[in-house]
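>
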Amino acid sequence: MTGLTFLLGAVAFYLVAYFLYGGFLGRLFGLDPSRPTPAHTLRDDVDYAPTKPFVLFGHHFASIAGAGPIVGPIMAIYFGWGPVVLWLLLGCVFIGAMHDLAAMVLSIRNQGRSIASVIEQYVGYAGRQLFLVFCWSTLILVVAVFAKLVASGFVKNPAVATSSLLFIAVAPVFGWLVYRRGLSILAGSLIFVPLVFFFVWLGTQIPLDLMAILGTTEAQTKLFWILILMVYCAAASTLPVWLMLQPRDYLNSYLLYGMLAFGLAGILAYRPTLQMPAFEGFTALNFSGVETSLFPFVFVTIACGACSGFHALVASGTTAKQLDKERDARPVGYAAMLLEGVLGVIAMISVAYLSREQIIAAGGAKDATTLFAQGLATFGTRLGVGETIGTAFVSLSVSAFLLTSLDTSTRLARFTLQEIFAPRTGAAASVPARPHPVAAFFANPYVATLLSVLVALWLTFGESDRIWPVFGASNQLLAALTLLVASLWLIRRRAKPLVAIIPMAIMLSVSGAALFQLAGRELRKGGNIPLGVICVVLLALAAVLAVMSARSVARELRKP
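Count along the sequence shown from 1, then add 262; that gives the number in this note's numbering.
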């Protein structure tokens, strides 16, 4: 079986799904281009700002396409390419993309607020608070995991560090010229997009090797980079979106498009034959020799490539606040997830063309992004691109959007913590009340940012390979809870709730089983006790929310 067959089939499947199932969901959700969005009604040009769909797609796609769609399929390939491909195709179309679109619609119909505000309407204030705590915990795990991945990339490939810092420096200039000086998006793109690719080359010429400059060990240099990244994230979290987050995400998205095009063209030219078996069984040995069950770990390991609760936080946290018209929700929210599915298929092919023995010899899945870069670089040799240059370009592209997801996650963690200490949005909101001094203190954007960054920094001292599975499981459970809210909303609208209920049931069973098993593993002697406690807390929060939501569903169904 050739990788080209899978790739072309996947692209065709996603295109058909966008027009058929995506169109059906757009009608089901009642997307109305004449209805004003929060970007207009609450415009402040800091968090709420109407944005052209193409620019917003770049921000949204760059934010959600972090390490997950690359690392996940590669880490799960030991189950065989069959389960991986099936979940990437079916999970992405019927669960992941639907989940992202639903989260965006729920947010724009609720003044750009998070999914938690919708939960308050159906489940009550206690449900909202529990959900927000769950969201914040998941986001902190995201920040910790991605900070370690970015820092590791900077140490292993100093050229990545140079290019990334240059990207950060040029983004505010682009934002200022476009949003404050009236430069058109087209003119700005013609100037700054080539500059971004020039920075990729410049990074290879002037690598920022802090280990050599400072004379530190690899571990010390990683810690130094983590500290720098946390300071950057804290600053980016509080700056206006038009100044840093939006322009940097937009410019970085071209790197991602370029990498996707490079991968597509490389596979078309190389036509790799898949050496990994199609199916290894319902239990399989991972690349470390540990026997792992197909259910639930193939689902939570692939994670963002098929469905990700983190996407709901991006969709409702930043993207919904910038949506110009409701009709833009489908090409931004639904299509971005489908394109991420394409990236997941490319990632699967980049490693499945190797044998199991070759993958283990290359380090297994411990450095999935390196395997991905080397795979695409090998395919690119048929295009006349040197393997060294190809590896450098893909590595730089991966690190660029890892950094994008990192600063977006920090901003979302700030939003979430502020919302935890915000007053009620339901009936109680009609009664003016002076906020409690403690609540007002933690709702301060700078305090919320600092606290989020410090907790994430503390988690970075744990081992990445132990944090990732917990992140994956909590991420999927967050998706299940978001789909639960979407189900309640559709039930109230009397609008075919099964499109959300069935995916919700699947994700709830998968993520719950994974967290239960991970908690047992980590709480044993020799495990990571803090991570085990986090698993138990997340399970408890999810269980309470599920019970409260079930009662709400029963109430809605009893209504005439």
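Glycine residues also receive a C-beta, built at the ideal position from the N, C-alpha and C atoms.
Do Ile326 and Ala630 come within 8 Å of each other at the CB atom, strictly closer than that value?
Counting from 1 along the sequence shown, the entry for residue 630 is found at position 368. Counting from 1 along the sequence shown, the entry for residue 326 is found at position 64. Against a cut-off of 8 Å, the Cβ pair of Ile326 and Ala630 comes out as no contact.
> Assign Gln467 to one of two classes, buried (16 or more other C-beta atoms within 10 Å of its C-beta) or exposed (fewer than that).
As a first step, residue 467 is located in the sequence shown; it is residue number 205 there, counting from the start. Exposed is the call here.
> Let me know the secondary structure DSSP gives Glu619 once reduced to three states.
Numbered from 1 along the sequence shown, position 357 holds the residue referred to as residue 619. Of the three classes helix, strand and coil, the one that applies to Glu619 here is helix, per DSSP.
> For Phe561, which option in Tyr310, Leu801, Ile768 and Lys821 has the closest C-alpha, if you only look at C-alpha atoms?
In the sequence shown, residue 561 corresponds to position 299, counting from 1. Minimum Cα distance to Phe561 is reached at Ile768.
> What do you reckon, are the CB atoms on Ser578 and Ala365 nearer than 8 Å?
Position 316 of the sequence shown, counted from the first residue, corresponds to residue 578. Position 103 of the sequence shown, counted from the first residue, corresponds to residue 365. The answer is yes: Cβ separation under 8 Å.
> Would you kindly check if the distance between the Cβ of Gly528 and the Cβ of Gly642 is under 8 Å?
Taking the sequence shown and counting its residues from 1, one reaches residue 642 at position 380. Taking the sequence shown and counting its residues from 1, one reaches residue 528 at position 266. Taking 8 Å as the Cβ cut-off, Gly642 and Gly528 qualify as a contacting pair.
> Which stretch, first to last residue, makes up the beta strand (DSSP E) that contains Ala546?
As a position in the sequence shown, residue 546 is number 284, starting the count at 1. Counting along the chain, the beta strand (DSSP E) containing Ala546 begins and ends at Thr545 to Leu547.
> Apply the 10 Å Cβ neighbour rule to Gln620 and answer buried if 16 or more other Cβ atoms are within range, or exposed otherwise.
Along the sequence shown, read from residue 1 onward, the residue named residue 620 stands at position 358. That one is exposed.
> Can you confirm whether the region 329 to 344 touches the region 530 to 550 when touching is taken to mean that 3 or more C-beta pairs between the two stretches lie within less than 8 Å?
Cβ pair count under 8 Å is three or more, so yes.
> How many angstroms separate the CA atom of Gly374 from the CA atom of Thr744?
Here residue 374 is taken as the residue at index 112 of the sequence shown, counted from 1. Here residue 744 is taken as the residue at index 482 of the sequence shown, counted from 1. Each residue's alpha carbon lies about 15 Å from the other.
> With a threshold of 16 other CB atoms inside 10 Å of the CB of Glu480, please say whether the residue is buried or exposed.
Taking the sequence shown and counting its residues from 1, the one referred to as residue 480 is at position 218. So Glu480 counts as exposed.
> Can you tell me which of the three DSSP states Leu318 falls into?
Numbered from 1 along the sequence shown, position 56 holds the residue referred to as residue 318. Note: Leu318 maps to helix in three-state DSSP.
> I believe Met599 touches Ala359 by the beta-carbon criterion, under 8 Å. Please report the beta-carbon distance rounded to the nearest angstrom.
As a working mapping, residue 599 is identified with position 337 in the sequence shown. As a working mapping, residue 359 is identified with position 97 in the sequence shown. Going by Cβ atoms, the distance from Met599 to Ala359 rounds to 4 Å, so yes, they are a contact pair.
> Only counting the same chain, and skipping five residues up and downstream in sequence, which positions put a Cβ closer than 6 Å to that of Glu649?
Position 387 of the sequence shown, counting from 1, holds the residue named residue 649. Around Glu649: Ala639 and Thr643.
> Going by C-alpha to C-alpha distance, which of Pro509, Pro699 and Asn737 sits closest to Ile447?
The residue given as residue 447 occupies position 185 in the sequence shown. If we check each option's Cα against that of Ile447, Pro509 comes out closest.
> Using only alpha-carbon positions, find the residue among Thr670, Ser671, Ser667 and Thr632 that is nearest to Gly652.
Within the sequence shown, numbered from 1, the residue matching residue 652 stands at position 390. The option with the nearest alpha carbon to Gly652 is Thr632.
> Output needed for Thr535: all residues of its chain with C-beta closer than 6 Å, excluding positions within five of it in sequence on either side, in chain order.
Looking up residue 535 in the sequence shown gives position 273. Only Thr264 meet the Cβ criterion.
> Taking only the alpha-carbon atoms, compute the straight-line gap between Ser661 and Val462 and give it to the nearest angstrom.
If you number the sequence shown from 1, residue 661 lands on position 399. If you number the sequence shown from 1, residue 462 lands on position 200. Between Ser661 and Val462, the C-alpha separation is close to 11 Å.
> Val380 and Trp720 look like a contact to me (Cβ under 8 Å); what is the Cβ gap, rounded to whole Å?
Mapped onto the sequence shown, residue 380 falls at position 118. Mapped onto the sequence shown, residue 720 falls at position 458. Not quite, the Cβ-Cβ distance comes to about 31 Å (not below 8 Å), so this is no contact.
> Under 8 Å, do Val455 and Leu411 count as touching if we go by C-beta distance?
For this step, residue 455 is matched to residue 193 along the sequence shown. For this step, residue 411 is matched to residue 149 along the sequence shown. No.
> So Gly705 packs on Val503, CB below 8 Å; how close in whole Å?
Your numbering for residue 705 matches position 443 in the sequence shown. Your numbering for residue 503 matches position 241 in the sequence shown. The sequence as given places Ala at residue 705; Gly does not occur at that position. With 8 Å as the limit, Ala705 and Val503 do not qualify as a contact, their Cβ atoms being about 19 Å apart.
> Note down, in chain order, each residue of its chain lying with its Cβ closer than 6 Å to the Cβ of Ala449, except the 5 sequence neighbours on either side.
Here residue 449 refers to the residue found at position 187 when the sequence shown is read from its first residue. Same-chain partners within the cutoff: there are none.
> Does the region 546 to 557 come close enough to the region 662 to 671 to have 3 or more Cβ pairs within less than 8 Å?
Touching, no, given that fewer than three Cβ pairs across the two stretches are closer than 8 Å.
> Give me the DSSP bridge partner(s) of Thr264.
By 1-based counting over the sequence shown, the position of residue 264 is 2. Looking at the DSSP assignment, Thr264 forms a beta bridge with Thr535.
> Where in the region 654 to 722 do unbroken runs of the alpha helix (DSSP H), each at least 4 residues long, occur, reported from the N-terminal end onward?
Within the region 654 to 722, the complete alpha helix (DSSP H) runs of at least 4 residues are 699 to 705 and 707 to 721.
> Are the region 347 to 363 and the region 281 to 293 in contact at 8 Å, needing three or more beta carbon pairs?
Flag = yes, the region 347 to 363 and the region 281 to 293 touch.
> Going by the CB atoms, is the gap between Thr722 and Ile488 shorter than 8 Å?
Reading the sequence shown from its first residue, position 226 is the one you call residue 488. Reading the sequence shown from its first residue, position 460 is the one you call residue 722. Yes, the pair counts as a contact, with Cβ atoms nearer than the cut-off.
> Going by DSSP in three states, Glu542 sits in which element: helix, strand or coil?
In the sequence shown, counting from the first residue as 1, residue 542 sits at position 280. Glu542: coil per DSSP, three-state reduction.
> Please check the pair Val761 and Leu403, which I expect to be a contact at CB under 8 Å, by giving their CB distance rounded to whole angstroms.
Along the sequence shown, read from residue 1 onward, the residue named residue 761 stands at position 499. Along the sequence shown, read from residue 1 onward, the residue named residue 403 stands at position 141. The Cβ separation is near 29 Å, so there is no contact.
> Measure from the alpha carbon of Gly292 to the alpha carbon of each residue in Ser612, Arg592, Pro707 and Ala623, then state which is nearest.
Position 30 of the sequence shown, counted from the first residue, corresponds to residue 292. Nearest option by C-alpha distance: Arg592.
> Let me confirm a value: Gly625 is counted as buried when at least 16 other C-beta atoms fall within 10 Å, else exposed. Which label applies?
Taking the first residue of the sequence shown as 1, we reach residue 625 at position 363. Classification of Gly625: exposed, given that the 10 Å Cβ count is below 16.
> How close, in whole Å, do the beta carbons of Gly465 and Leu658 come, if the pair is a contact with beta carbons under 8 Å?
As a working note, residue 465 is residue 203 in the sequence shown. As a working note, residue 658 is residue 396 in the sequence shown. Confirmed, Cβ separation roughly 6 Å.
> Under the three-state reduction of DSSP, which class applies to Ser555: helix, strand or coil?
For the purposes of this step, residue 555 is taken as the residue at position 293 of the sequence shown. Note: Ser555 maps to strand in three-state DSSP.
> In angstroms, rounded to a whole number, what distance separates the CA positions of Tyr384 and Leu476?
In the sequence shown, residue 384 corresponds to position 122, counting from 1. In the sequence shown, residue 476 corresponds to position 214, counting from 1. The straight-line gap from Cα to Cα measures roughly 55 Å.
> Would you list the one or two residues that DSSP bridges to Thr313?
One-based indexing of the sequence shown puts residue 313 at position 51. In DSSP, Thr313 forms a bridge with Leu585.
> What would DSSP say about Asn514, mapped onto helix, strand or coil?
Along the sequence shown, read from residue 1 onward, the residue named residue 514 stands at position 252. DSSP places Asn514 in helix when its eight states are reduced to three.
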